[in-house]
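First up is the structure itself, then whatever we jot down about it.
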Amino acid sequence: DLTNVQGDILLDGLPKEVETFWFFDIVDATKFCKNLRVVANREISSTQDVREKRGEIKAFKQQGKAAGGLQVPTVGANISFSAKGLKKISPVVGLNLTTNDQDFEAGMRATAVDKLADPKSPMSSDPIWDPEWHGHEIHGVLLVAGNTPALVKEKLDRIVKLFDGSIKLAFKLDGQVRPGEQKGHEHFGYKDGVSQPAISNIPNLTQDEAFVPPGQDTIDQGAILCGRPGDTQASTRQPWMVDGSFLAFRKLKQNVQDWDKFL
């Protein structure tokens, strides 16, 4: 059900040239849950929304309207929760929101040194992370992406206003595509998304949407979406998890020069 899957997960995700990750703490769970449904219905983009927007962009280009740098105004948003965030709202919604996933429930900090080989702080067992990651519980993140900073800011401000003081900013990170000839390529020079696998058996796609380039891997839906064919833990998923996905946010150094020397 593409209307039930958030828009930055399948089919190349949200169209984006700029993006903001707005990490938040929930300060009033009751008010937050009351307003979450409004935010979800008005502001959160589904995969079906993204399909329609990409179709609009394609038609715009085919009609020759993109000459001179003209663009279709594009902006979308997704929301994700940490285990602590789900625990915070669980009593309010009256549901058991544990995921039965040990690593997710423990949180990334708990396993970052042992399982992810992050450098360890000499003063504690914590990983050496940027300071903003310490001192906040981080209940969730708003991901807002679009083709101009103004559209992204307007969308984000509107969402935060709808939550009516029930959340507070922990910190935010802004990003944008690389300029000039490097647009559409990551820092090592490869095309963005070149290693992204295609998802099999997504229904009702157009020929263009279903096209898999030669050499690209294809994986089952359940490798990405909870409760779908190929999910090896489908039997442990709760009903509210179906069509959801786990977001791993990692900020890593990229040593381009040494990589080029290695090649």
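Mapping to my numbering: the sequence shown position 186 is 186, numbers consecutive.
Beta carbons: idealized from backbone N, C-alpha and C, even for Gly.
| Item | Value |
| --- | --- |
| Is Ala77 helix, strand or coil by DSSP? | strand |
| Would you give the residue range spanned by the beta strand (DSSP E) that Leu143 belongs to? | 140–146 |
| Count the C-beta pairs between the segment 20–36 and the segment 79–89 that are closer than 8 Å, then say yes if the count reaches three, no if not. | yes |
| Quick check: Asn4 and Asp243, are their CB atoms within less than 8 Å of each other? | yes |
| So is Leu143 buried or exposed if we call it buried at 16+ other beta carbons inside 10 Å? | buried |
| Distance, Cα to Cα, Glu154 vs Gln182? | 27 Å |
| Closer than 8 Å is the cut-off here; do at least three beta carbon pairs connect the segment 112–126 with the segment 43–56? | no |
| Hey, out of Cys33, Leu11, Val18, Gln6, whose CA is closest to Ser166's CA? | Cys33 |
| Round the Cβ separation of Ala266 and Gln216 to the nearest angstrom and send it over; I've been treating them as touching at under 8 Å. | Because the chain in this structure spans residues 1 to 263, residue 266 falls outside the shown range and cannot be described. |
| Output the boundary residues of the alpha helix (DSSP H) element that contains Gln102. | 102–106 |
| Under a Cβ-count criterion, where at least 16 other Cβ atoms within 10 Å of its own Cβ denotes burial, should Asn78 be classed as buried or exposed? | buried |
| Quick check: Ala145 and Lys16, are their CB atoms within less than 8 Å of each other? | yes |
| Quick one: what's got a C-beta closer than 7 Å to Val72's C-beta in the same chain, skipping five residues either side? | Glu56, Ile57, Phe60 |
| Is it buried or exposed, Val18, if we count other Cβ atoms within 10 angstroms and call 16 or more buried? | buried |
| Going by Cα to Cα distance, which pick from Asp231, Asp208, Glu209 is closest to Ile219? | Asp231 |
| Does DSSP classify Thr47 as helix, strand or coil? | helix |
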